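In what follows, a single structure is set out as C-alpha cells and then discussed.
Chains as they are written, first to last, in my numbering: chain A, 2 to 330; chain B, 2 to 330.
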C-alpha cells in the first residue's frame with residue numbers, strides 16, 4: 002500500500018546541524034565534528050550546509066561561545082579549505098542587527114561563504130531588506146527567514162513578505178519557530194508566501210521544529226505545497242525539541258541524488274558520542290506544551306534547565322493571562 | 002498564523018498504552034501503573050482504554066508475561082471494579098487464532114470488557130470474520146485491526162475489507178504496523194477502506210507507529226480523511242519506535258471533551274520512573290530504517306537488543322535481495 006514515489010529533482014536540502022544544533026551547546030562542538038559533518042554532507046549529496054551564525058564579536062562575549070557562533074573566515078577554511086567544492090554550498094545565518102555589515106561581511110571573492118541566511122522578525126522587515134540588499138551586492142546568495150510567524154497577523158505578514166520579495170533575495174523561508182504549526186497552517190502560509198514569491202521569482206523554504214513531533218510531516222507538507230528548500234539537522238539536533246531529522250528527510254525523498262549512509266555513519270561516530278557526553282535535545286513534554294500554545298521554546302528550555310517536571314503547573318503558567326513569554330536571546 | 006480549530010465532537014480517543022506498551026516490557030508494569038492510567042484516562046476524558054491482549058494461556062508461558070498479556074477478568078476488575086463507569090470503555094486485543102473463543106471469551110454480562118479488537122493479517126480474513134461474529138454474538142463491540150498492510154496488494158486488501166465489513170464489526174482499523182506509511186498512503190487507504198466501511202455503516206480507525214516520526218501526523222491525516230477512532234499511547238509507549246503520543250493528540254484536538262492535565266501528571270508519576278528504570282521505546286535510527294523499507298520492527302528491535310550501531314550494515318542487510326524479515330512473535 003506504499004504509494005510513495007521519489008522526489009528531489011528540484012529540491013535543495015539544507016543541513017542546519019551546526020547552526021541550530023549549536024544553540025544547544027553554545028556552539029562548542031568536539032574537535033573534528035564540523036569537518037566530519039562537512040564530509041558526510043558532501044558524500045550524502047546534501048546541497049547546502051549551514052555552518053552557524055555570523056554575528057558580531059562586539060555583541061557577544063567570545064569566551065562564552067564556540068567558533069560557529071561567529072563563522073569567521075579562518076574557521077570555515079579550516080574545514081572546507083580555500084577552494085571548497087561546489088557542493089555542499091556554505092551558508093551562514095545572520096540575525097538582523099547582529100552583524101556589522103561593513104566590517105564583518107567580506108566581498109564574496111574574499112570568502113568561502115556562498116549564502117547569507119537573514120533571520121528577521123516581522124517588525125524588522127525594513128532592516129532585513131537592507132541586509133539582503135547588502136549581502137546580495139557583496140556577491141552572496143541570500144534567504145530571508147521570517148521568525149515567530151504563528152503570532153503575526155496575516156496582514157502584517159503579507160506586507161513583510163511583499164517587501165522582502167522586492168529585494169534580490171533568492172529564498173523566502175517559512176519558519177515555524179515555536180513548533181506550533183499544523184499541516185493546514187503550513188499550506189496556508191505556503192499560499193500566502195507563494196503569492197508574492199512566485200510573482201517575484203523567489204523560491205520557498207521550510208524550517209520546522211519538532212515540538213509536536215510534526216517537523217518532518219510539516220516539511221513534507223511544505224514541499225507538497227511548493228517549498229523547494231528543505232531544512233533538517235542530523236538526528237534533529239536543534240534548540241529545544243529540535244528540527245526535522247536529516248536522515249528521515251533523505252529517506253523520505255528516495256532520490257538518487259541523496260545517500261543516507263554517510264549520515265548514518267556520522268550519527269554513530271559523532272552524534273551518539275555527543276549525546277552520551279550529556280548534550281540534550283529533542284521532543285519532551287515541556288516543548289510540546291510551548292508548541293501547543295505558540296510560545297517561544299525558551300520557556301521550556303528554562304523549565305528543563307531547572308529540572309522541573311511539574312508539567313501541569315508549567316502549562317498553567319504559560320497559558321495564564323498576562324504571561325510574558327521569553328523571546329530571542 | 003495558527004488556523005487550527007478544535008476537533009473531537011465525533012472522535013473516539015483510544016489509549017493503547019497497556020497493550021502496545023506492554024509489548025515493550027512483556028506486560029510487566031509496576032504495581033499501581035494500570036490503575037493510575039485508568040484514573041488518568043477517566044479524568045482526561047479518554048473514550049476507550051485498551052488494557053492488553055486477551056490471548057490463551059495455553060499458547061504462552063504465563064511465567065514469561067505480566068497479567069495484561071491475558072487480561073483475565075480478575076485482573077481487569079482489580080483495576081476497574083465490578084461495575085466500571087461508562088467511560089473509558091474497556092477494550093482488549095485478540096490476535097486471530099490466539100484465543101480459545103469458547104472457553105476464554107465470556108458472555109458480555111459476565112465481563113467488564115466492552116470491546117474486542119481483533120488483530121488479523123489479510124491471509125486470516127475468514128478467521129477474523131468468524132471471531133468478530135463470535136465476539137459480537139457474545140455481546141461485545143468489536144473492531145478489526147488489519148496488520149502489515151504496507152506489503153499487501155490493493156486487490157487483496159479490498160477483498161479483505163469487503164469481507165470484514167459484511168460482519169457486525171463496529172470499527173475498521175487502518176494499522177501502519179511498520180511505520181512505513183506517509184500522508185498520501187494514509188489518505189489512499191482511508192479511501193479504499195472507506196468505500197466498504199461507509200456502505201456497511203462502519204467507522205474507520207487509525208493506529209500509527211512512529212518509526213519516521215510521522216505517527217501523530219498520520220493520525221491527524223487519517224482523521225481528516227474520515228477516521229474517527231484514534232489510537233495513541235502515553236508518551237508514545239509501544240513496540241519499537243512506539244505510537245502517536247496521547248498528550249500530543251489531546252493537545253491537537255483542543256476539545257473541551259479532553260483534558261491533558263491528568264496525562265501530564267501520569268507522565269511525571271509513572272512514565273518518567275518507568276523510563277528511568279530502563280524500559281526503552283521510541284524513535285531511533287534502526288526503526289527509521291525498517292519504517293523506510295516497510296519491514297517489521299522486530300528486525301530493529303533485535304538490532305537494538307544486540308547493542309549494534311552499524312546502521313549502514315543493518316540497512317544493507319534488510320534491503321538485500323532474499324532478506325527474510327522477522328514477523329509476528
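Virtual Cβ for every residue (Gly too), placed ideally from N, Cα, C. As the structure is a prediction and not an experimental result, all values here were calculated from the model.
query                                                                                                                                                                                                                 : result
Can you find at least 3 beta carbon pairs, one from the stretch 52-72 of chain B and one from the stretch 87-101 of chain B, that sit closer than 8 angstroms?                                                        : yes
On the three-pair Cβ rule with 8 angstroms, is the stretch 132-150 of chain A touching the stretch 115-122 of chain A?                                                                                                : yes
Using a Cβ-Cβ distance cut-off of 9 angstroms, determine whether residue 222 of chain A contacts chain B.                                                                                                             : yes
In the stretch 306-317 of chain A, which residues sit with their C-beta less than 9 angstroms from some C-beta in chain B, listed in chain order?                                                                     : 310, 311, 312, 313, 315, 316 and 317
Taking the alpha-carbon positions, what's the residue 137 of chain B to residue 12 of chain B distance?                                                                                                               : 22 angstroms
If you compare alpha carbons, which of A:260, A:284, A:163 and A:182 is closest to residue 149 of chain A?                                                                                                            : A:182
Do the CB positions of residue 179 of chain B and residue 320 of chain B come within less than 9 angstroms of each other?                                                                                             : no
Which residues mark the beginning and the end of the beta strand (DSSP E) in which residue 208 of chain B is found?                                                                                                   : 204-208
Which of the residues in the stretch 281-305 of chain B, read from start to end, lie with their CB under 7 angstroms from any CB of chain A?                                                                          : 286, 289, 293 and 295
Could you tell me the distance, in whole angstroms, from the CA atom of residue 237 of chain A to the CA atom of residue 215 of chain B?                                                                              : 14 angstroms
With distances taken between CB atoms, is the gap from residue 213 of chain A to residue 158 of chain A smaller than 9 angstroms?                                                                                     : no
Using 10 angstroms around the beta-carbon of residue 85 of chain B, count the other beta-carbons present and answer buried if the total reaches 16, otherwise exposed.                                                : buried
Output, in sequence order along the chain, the residues in the stretch 108-125 of chain A whose CB is closer than 9 angstroms to any CB in chain B.                                                                   : none
Using a C-beta to C-beta distance shorter than 8 angstroms, which residues of chain A count as neighbours of residue 62 of chain B?                                                                                   : Within chain A, no residue comes near residue 62 of chain B; the closest Cβ sits about 35 angstroms away, beyond 8 angstroms.
Using 8 angstroms as the Cβ pair cut-off and three pairs as the minimum, do the stretch 239-248 of chain B and the stretch 238-254 of chain A touch?                                                                  : no
Taking contact to mean at least 3 C-beta pairs separated by less than 8 angstroms, is the stretch 182-202 of chain B in contact with the stretch 216-223 of chain B?                                                  : yes
Identify whether residue 320 of chain A lies in helix, strand or coil by the three-state DSSP scheme.                                                                                                                 : coil
With respect to the beta strand (DSSP E) encompassing residue 131 of chain B, which residues constitute its N-terminal and C-terminal limits?                                                                         : Note, residue 131 of chain B: premise wrong, no beta strand (DSSP E); alpha helix (DSSP H) at 126-138.
Residues of chain A with a CB under 9 angstroms from the CB of residue 214 of chain B: which are they?                                                                                                                : 211, 214, 215, 216, 217, 218, 237, 245, 246, 249 and 284
Can you tell me which of B:125, B:254 and B:63 puts its alpha carbon nearest to the alpha carbon of residue 98 of chain B?                                                                                            : B:125
Which residues does DSSP list as the beta-bridge partners of residue 94 of chain B?                                                                                                                                   : B:54 and B:118
Identify whether residue 175 of chain B lies in helix, strand or coil by the three-state DSSP scheme.                                                                                                                 : strand
Does residue 258 of chain B have its Cβ less than 9 angstroms from a Cβ in chain A?                                                                                                                                   : no
Counting beta carbon pairs with one atom in the stretch 245-259 of chain A and one in the stretch 296-310 of chain B, are three or more of them shorter than 8 angstroms?                                             : no
Could you check whether the stretch 254-273 of chain A touches the stretch 39-48 of chain A, counting it as contact only if at least three pairs of C-beta atoms, one from each stretch, sit closer than 8 angstroms? : yes
Which chain B residues are close to residue 269 of chain A, counting only those with a beta carbon under 8 angstroms from its beta carbon?                                                                            : 310, 311 and 312
For residue 252 of chain B, which residues in chain A fall below 7 angstroms Cβ to Cβ?                                                                                                                                : 289 and 293
Between residue 261 of chain A and chain B, is the shortest Cβ-Cβ distance under 9 angstroms, so that the two count as touching?                                                                                      : yes
According to DSSP, simplified to helix, strand and coil, what is residue 147 of chain A?                                                                                                                              : strand
Considering Cα atoms alone, identify which of A:210, A:60, A:230 and A:166 is closest to residue 193 of chain A.                                                                                                      : A:166
Once the 5 residues before and after residue 68 of chain A are set aside, which same chain residues still bring their CB inside 6 angstroms of it?                                                                    : 76
Can you tell me the Cα-Cα spacing of residue 201 of chain A and residue 207 of chain A, whole angstroms?                                                                                                              : 18 angstroms
Taking 8 angstroms as the limit between beta carbons, can you name the residues of its chain near residue 350 of chain A, skipping five residues before and five after?                                               : Within the shown structure, residues of chain A are numbered from 2 to 330, placing residue 350 of chain A beyond reach of any answer.
What does a CB cutoff of less than 6 angstroms around residue 172 of chain A pick up in its chain, not counting 5 residues either side in sequence?                                                                   : 144, 204, 206 and 230
For residue 201 of chain B and chain A, any beta-carbon pair shorter than 9 angstroms?                                                                                                                                : no
Using three-state DSSP, classify residue 233 of chain B as helix, strand or coil.                                                                                                                                     : strand
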